[in-house]
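Colleague: Protein chains in written order, with the numbering used here: chain W, 41 to 171; chain Z, 3 to 260; chain U, 36 to 468.
Just dropping this structure here.
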Amino acid sequence: MRDKFWILGGLLLFVGVATLPTWRDWETHANTRPPALVLPAHAKQCVAPLDFMRGSHMQLLLDWRQSAVRENNPTYVAYDGKTYPKSLTKTCLSCHDKREFCDRCHDYVGARTPYCWNCHVDPALGKGAAR
Amino acid sequence: MKITRKEFLKLSGAGLVLVFGGRELAALDRAAGATFPGGAKPRPRKQWAMIVDTAKCAKEPGCTRCIEACDAAHNIPAIPDKAHEIQWIWNEPADVVFDESDVQYLDAARRDEQIPVLCNHCDQPPCVRVCPTGATWKREEDGIVMMDWHRCIGCRYCMAACPYGARSFNWVDPRAYLANPNPDFPTRTLGVVEKCTFCSERVVAGKLPACVEACPEKALLFGDVNDPHSEVREVLSESYVLRRKPELGTGPNIYYRI
Amino acid sequence: MFLFEKALEGSRRYQLWVAGLVAFIGVAFVVYLHQLRYGLGITGMSRNVSWGLYIGQFTFLVGIAASAVMVVIPYYLHNRREFGRMTILGESLAVAAVTMCLAFILIDMGSPTRALNVILYPQFHSIMFWDMVSLSGYLFLNAIITVNALHAEQQNLPLAGWLSPVIRLSIPWAISIHTVTAFLYCGLPGRMFWRTAVLAPRFLASAFAAGPALLILLCLLARKLTGYDVGKKAIDGLAVVVTYAMLANVFLLMMELFTAFYSHVPELTEHLKLMYLGQGGPTLLGVFGQVSLLLMFAALAPLLVPRLRRSERWLTIACAAVFTSLWMDKGVCLVVCGFSPSPLGAVTSYVPTLPEVTITLGVWAAGALMITVFYKIAIAVNAEEGAEHSPTYEPGGARGPVGSAAHASQAGVLSSPGQFPASGDGTSGRDRR
Numbered sequence: 041m042r043d044k045f046w047i048l049g050g051l052l053l054f055v056g057v058a059t060l061p062t063w064r065d066w067e068t069h070a071n072t073r074p075p076a077l078v079l080p081a082h083a084k085q086c087v088a089p090l091d092f093m094r095g096s097h098m099q100l101l102l103d104w105r106q107s108a109v110r111e112n113n114p115t116y117v118a119y120d121g122k123t124y125p126k127s128l129t130k131t132c133l134s135c136h137d138k139r140e141f142c143d144r145c146h147d148y149v150g151a152r153t154p155y156c157w158n159c160h161v162d163p164a165l166g167k168g169a170a171r
Numbered sequence: 003m004k005i006t007r008k009e010f011l012k013l014s015g016a017g018l019v020l021v022f023g024g025r026e027l028a029a030l031d032r033a034a035g036a037t038f039p040g041g042a043k044p045r046p047r048k049q050w051a052m053i054v055d056t057a058k059c060a061k062e063p064g065c066t067r068c069i070e071a072c073d074a075a076h077n078i079p080a081i082p083d084k085a086h087e088i089q090w091i092w093n094e095p096a097d098v099v100f101d102e103s104d105v106q107y108l109d110a111a112r113r114d115e116q117i118p119v120l121c122n123h124c125d126q127p128p129c130v131r132v133c134p135t136g137a138t139w140k141r142e143e144d145g146i147v148m149m150d151w152h153r154c155i156g157c158r159y160c161m162a163a164c165p166y167g168a169r170s171f172n173w174v175d176p177r178a179y180l181a182n183p184n185p186d187f188p189t190r191t192l193g194v195v196e197k198c199t200f201c202s203e204r205v206v207a208g209k210l211p212a213c214v215e216a217c218p219e220k221a222l223l224f225g226d227v228n229d230p231h232s233e234v235r236e237v238l239s240e241s242y243v244l245r246r247k248p249e250l251g252t253g254p255n256i257y258y259r260i
Numbered sequence: 036m037f038l039f040e041k042a043l044e045g046s047r048r049y050q051l052w053v054a055g056l057v058a059f060i061g062v063a064f065v066v067y068l069h070q071l072r073y074g075l076g077i078t079g080m081s082r083n084v085s086w087g088l089y090i091g092q093f094t095f096l097v098g099i100a101a102s103a104v105m106v107v108i109p110y111y112l113h114n115r116r117e118f119g120r121m122t123i124l125g126e127s128l129a130v131a132a133v134t135m136c137l138a139f140i141l142i143d144m145g146s147p148t149r150a151l152n153v154i155l156y157p158q159f160h161s162i163m164f165w166d167m168v169s170l171s172g173y174l175f176l177n178a179i180i181t182v183n184a185l186h187a188e189q190q191n192l193p194l195a196g197w198l199s200p201v202i203r204l205s206i207p208w209a210i211s212i213h214t215v216t217a218f219l220y221c222g223l224p225g226r227m228f229w230r231t232a233v234l235a236p237r238f239l240a241s242a243f244a245a246g247p248a249l250l251i252l253l254c255l256l257a258r259k260l261t262g263y264d265v266g267k268k269a270i271d272g273l274a275v276v277v278t279y280a281m282l283a284n285v286f287l288l289m290m291e292l293f294t295a296f297y298s299h300v301p302e303l304t305e306h307l308k309l310m311y312l313g314q315g316g317p318t319l320l321g322v323f324g325q326v327s328l329l330l331m332f333a334a335l336a337p338l339l340v341p342r343l344r345r346s347e348r349w350l351t352i353a354c355a356a357v358f359t360s361l362w363m364d365k366g367v368c369l370v371v372c373g374f375s376p377s378p379l380g381a382v383t384s385y386v387p388t389l390p391e392v393t394i395t396l397g398v399w400a401a402g403a404l405m406i407t408v409f410y411k412i413a414i415a416v417n418a419e420e421g422a423e424h425s426p427t428y429e430p431g432g433a434r435g436p437v438g439s440a441a442h443a444s445q446a447g448v449l450s451s452p453g454q455f456p457a458s459g460d461g462t463s464g465r466d467r468r
């Protein structure tokens, strides 16, 4: 077993790397409490049931994008019969605040800020600064 | 390993067939369609077109209302460097828009007359034929040559293909040149190509394109050329019109009434 | 990686060269990262000249890659043994050239992170799609052939039987890659400079001149540095190919010039006037166009005189002139001239910027590194095999890694230029005897 050193060392290294996030959180005293999401005041319901929105809003957005841009079908009929334009800015951001809602959760779950905002405009930033 | 010339030729032939397989030919055929008179390919159900009335347009020298309306509606950045400019609809002098010889003895003033140019939403768009991702395509239902900014890879093949210079590339970050972006229409980003979409986002909502709406002289007329009773057809049936480079077989849908 | 260990050792000069290349590639990569962040606005390209140096290099290099058939055909189809040693060098040159092509395409892309869209949403009516298919196919074929040929040579075995159809397939495939590249240009309705049926034939002619010219230069260089000799017969044979191909290229160019200037159609002549008559002032296009034309004729003169063509010095000069001329013609002018004047009649000057040139040189450095490593491996394998099986070959006696050969050559142990081993020695284990 002259490879013992390498095998054990490699194993240790692997375990260390694999659990790195845990160590990092421990080291930085990361906050594991869910973020305080600012929910819209004027609405009770999202464009789809809460469970679906939580798990699949990215898929919904991609579907919207496909059908609005490529299939000339710009209107979304929600499960409760309401209709919405299939638009990030005009729909999602009419109820939600990008920074207090979308970004906060994405930061928390460690998702990259979606690149959509490179083009789609956050109206809250308006005046002078696009980002 | 000995091989006769005949064998070699056979093998080369087989290789070529492999490369340019039947699928390619069929696809090329489909893309090229039949442009011949009486050809088999039906035109789209609807074909949005525009007539630019040059006489009406000339009544307001120096007017750029259509351009400003478009720029505002679509977040077109004001990039000072000509090399990096983004243009959807813009002005060119008559001798650039039309063949030089047609205007050579025209009065100098009229010759420098600015005429708006934009994407021609061709019947046989070369940009669509060459696009490797389908980021630009001709919409079946109304003939608009569309852009999908989510898919464009920025290879600029469409810019080489367009005979009208109607496509612009984002050489630099456009947001740096947008003082106050309009949230109703997304900006674009570094590295994608863009052009006029005949205001597809307005047309789908039953509105006229922004440039048409903004023209104080009503010099821009927008309508369906496939509808024999439309206003555009009425004008086309009684006036002399020019199109840009019709000899290339692209079938432009912007008409210039002279 | 396969036989890669052979590239890891070498003389000090070799190590310095490789380190230098790697360092330069690193610098170019940093500049590329800057381009990614700032955008293609850091290049000299513009609204009117929307392709430039990158796509020009791509076009030129597809030709270099395709030209490998000029050694593959005589060696495999006509069984001309004297091309044996040169063939492996030619094929690995093709591998390096195609890799560089792919790099240039990616570098020229505005949104390279979306490059996979070409595969996710394939558009069969786009020539770009077929270019990608043919290029990656060619890379694949040549990689297989080179690796297996080296393997066979190392073990002094004949080539595997299944490789023969692969090699034959690579021949029409090579023609196809450059034809499809020409189709990228000549199928565009509004660009009269490109829209000519002789574009594809001319691409092939210029490729079969520039590629073999480069290969001759590389072979001479390899002999000088390592003593690895592809043989005088192979060089002479390839020089004839360069001559004919260059003649064909000039002939086709004359056809273009006649058609344009005699018919006197402005759409045809205005481009050529900018490029060859210097109209529009001393632009990059005008200067490169004229110098390239001069070099074309200057190169043909020695090539057409058999005595000069066989003289190694003249051949070196001629090949360098052929390569430079065609690089200027196809690597720069072809693309720029197609955009000048623009469809709206604007003549926009195009001058590559420093970052653009650095990135371009970086890719060439990567190509040079690939060639160095491939040739190192090929020569090392050949030396091993030579030492074991054909002791008559080595002028320098028994040999270890090529590094020692390099020292030997420096010490002047090897035969002086002009002396070649007997012709049979040009062959190797690759032949199926």
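Just so it is clear, CB atoms sit at the ideal spot from N, CA and C, and this is done for glycine as well.
Roughly how many whole angstroms lie between the Cα atoms of residue 340 of chain U and residue 334 of chain U?
Modeller: Computed Cα separation, rounded: 11 angstroms.
Colleague: Just how far apart, CA to CA, sit residue 25 of chain Z and residue 137 of chain Z?
Modeller: Its pLDDT being 49, under 50, residue 25 of chain Z is placed unreliably in this model, and the coordinates cannot settle the point.
Colleague: Taking buried to mean at least 16 other C-beta atoms within 10 Å of its own C-beta, is residue 411 of chain U buried or exposed?
Modeller: With 16 or more Cβ atoms within 10 Å of its Cβ, residue 411 of chain U is classed as buried.
Colleague: Could you check whether residue 162 of chain U and residue 225 of chain U sit closer than 8 angstroms to each other, using their CB atoms as the reference points?
Modeller: The answer is no: Cβ separation not under 8 angstroms.
Colleague: By the DSSP assignment, the alpha helix (DSSP H) with residue 308 of chain U in it spans what residues?
Modeller: Its alpha helix (DSSP H) spans residues 301-311.
Colleague: Against chain Z, does residue 327 of chain U count as a neighbour if the rule is that its beta carbon must be under 8 angstroms from one of theirs?
Modeller: Closer than 8 angstroms: no.
Colleague: For residue 55 of chain W and residue 62 of chain W, what's the separation of their Cα atoms in angstroms?
Modeller: Roughly 11 angstroms between the two C-alpha positions.
Colleague: Which residues share a DSSP beta bridge with residue 255 of chain U?
Modeller: DSSP, once it has assigned bridges, lists no residue as partnering residue 255 of chain U.
Colleague: Could you tell me which of U/373, U/345 and U/182 sits nearest to residue 274 of chain U, measuring between CA atoms?
Modeller: For the residues U/373, U/345 and U/182, the minimum Cα distance to residue 274 of chain U belongs to U/345.
Colleague: Of the choices U/58, U/353, U/67 and U/49, whose alpha-carbon is the least far from that of residue 388 of chain U?
Modeller: The candidate whose alpha carbon is nearest that of residue 388 of chain U is U/67.
Colleague: Can you tell me whether DSSP reads residue 267 of chain U as helix, strand or coil?
Modeller: Of the three classes helix, strand and coil, the one that applies to residue 267 of chain U here is helix, per DSSP.
Colleague: At which residues does the alpha helix (DSSP H) containing residue 67 of chain U begin and terminate?
Modeller: Unbroken alpha helix (DSSP H) run through residue 67 of chain U: 47-73.
Colleague: Say whether chain W places a C-beta atom closer than 8 angstroms to the C-beta of residue 82 of chain Z.
Modeller: False, the Cβ-Cβ gap to chain W never drops below 8 angstroms.
Colleague: Can you tell me where the alpha helix (DSSP H) with residue 58 of chain Z in it begins and where it stops?
Modeller: Start and end: 56-60.
Colleague: Can you name the residues of chain U whose CB is closer than 7 angstroms to the CB of residue 161 of chain Z?
Modeller: Here the neighbours are 85.
Colleague: Are residue 375 of chain U and residue 84 of chain U touching if we call contact CB-CB under 8 angstroms?
Modeller: The answer is yes: Cβ separation under 8 angstroms.
Colleague: Candidates Z/49, Z/48, Z/55 and Z/50: which alpha carbon is nearest residue 219 of chain Z's?
Modeller: Per the Cα distances, Z/55.
Colleague: Closest to residue 95 of chain U by C-alpha separation, out of U/207, U/145 and U/360, would be which residue?
Modeller: With distances taken between Cα atoms, residue 95 of chain U lies closest to U/360.
Colleague: Residue 237 of chain Z and residue 223 of chain Z look like a contact to me (Cβ under 8 angstroms); what is the Cβ gap, rounded to whole Å?
Modeller: Right, the Cβ-Cβ distance comes to about 6 angstroms (below 8 angstroms), so this counts as a contact.
Colleague: Excluding the 5 residues preceding and the 5 following residue 432 of chain U in the sequence, name in chain order all residues of the same chain whose CB lies nearer than 6 angstroms to its CB.
Modeller: A caution first: residue 432 of chain U carries a pLDDT of 32, below 50, which makes its placement in the model too unreliable to give a value.
Colleague: Which of the three DSSP states, helix, strand or coil, is assigned to residue 95 of chain U?
Modeller: If DSSP states are grouped into helix, strand and coil, residue 95 of chain U belongs with the helices.
Colleague: By Cβ distance below 6 angstroms, which residues in the same chain neighbour residue 170 of chain Z in space, the five residues on each side in sequence not counted?
Modeller: Within the same chain, residue 170 of chain Z has close Cβ partners 88, 89 and 196.
Colleague: In chain order, what residues of the same chain have a beta carbon less than 8 angstroms from the beta carbon of residue 120 of chain W, not counting five sequence neighbours either side?
Modeller: Only 85 meet the Cβ criterion.
Colleague: Drop a sphere of 10 angstroms on the beta-carbon of residue 298 of chain U, count the other beta-carbons inside from all chains shown, and report buried for 16 or more, exposed for fewer.
Modeller: Label assigned to residue 298 of chain U: exposed.
Colleague: Could you tell me which uninterrupted alpha helix (DSSP H) segments, each at least 4 residues in length, are contained entirely in the stretch 144-194 of chain Z, listed from first to last along the chain?
Modeller: Qualifying alpha helix (DSSP H) stretches, in chain order: 159-163.
Colleague: Can you give the Cα-Cα distance for residue 233 of chain U and residue 220 of chain U, rounded to whole angstroms?
Modeller: Their Cα atoms are separated by approximately 12 angstroms.
Colleague: Run the CB neighbour count on residue 50 of chain Z, radius 10 Å, all protein chains shown included, and call it buried at 16 or more, exposed below.
Modeller: So residue 50 of chain Z ends up on the buried side.
Colleague: Just the Cα atoms here: how many angstroms apart are residue 303 of chain U and residue 252 of chain U?
Modeller: If you take the alpha carbons of residue 303 of chain U and residue 252 of chain U, they lie about 36 angstroms apart.
Colleague: Do residue 259 of chain U and residue 117 of chain U count as a contact pair if the criterion is CB distance below 8 angstroms?
Modeller: Contact flag unset, no.
Colleague: Buried or exposed for residue 226 of chain Z, please, with buried defined as at least 16 other CB atoms from any protein chain shown within 10 angstroms of its CB.
Modeller: Flag for residue 226 of chain Z reads buried.
Colleague: With distances taken from CA atoms, which of Z/193, Z/117, Z/77 and Z/47 is nearest residue 61 of chain Z?
Modeller: Closest by alpha carbon: Z/117.
Colleague: Alpha carbon to alpha carbon, what distance is there between residue 372 of chain U and residue 350 of chain U?
Modeller: Spanning the two alpha carbons is a distance of roughly 30 angstroms.
Colleague: Roughly how many angstroms separate the alpha carbons of residue 392 of chain U and residue 86 of chain U, rounded to a whole number?
Modeller: If you take the alpha carbons of residue 392 of chain U and residue 86 of chain U, they lie about 14 angstroms apart.
Colleague: Between residue 150 of chain U and chain Z, is any beta-carbon pair separated by less than 8 angstroms?
Modeller: Yes, its Cβ sits closer than 8 angstroms to a Cβ of chain Z.
Colleague: Are the Cβ atoms of residue 278 of chain U and residue 185 of chain U separated by less than 8 angstroms?
Modeller: Not a contact, by the Cβ cut-off of 8 angstroms.
Colleague: State yes or no: is the beta carbon of residue 190 of chain Z nearer than 8 angstroms to at least one beta carbon in chain W?
Modeller: For residue 190 of chain Z, the answer is yes, since a Cβ of chain W falls inside 8 angstroms of its Cβ.
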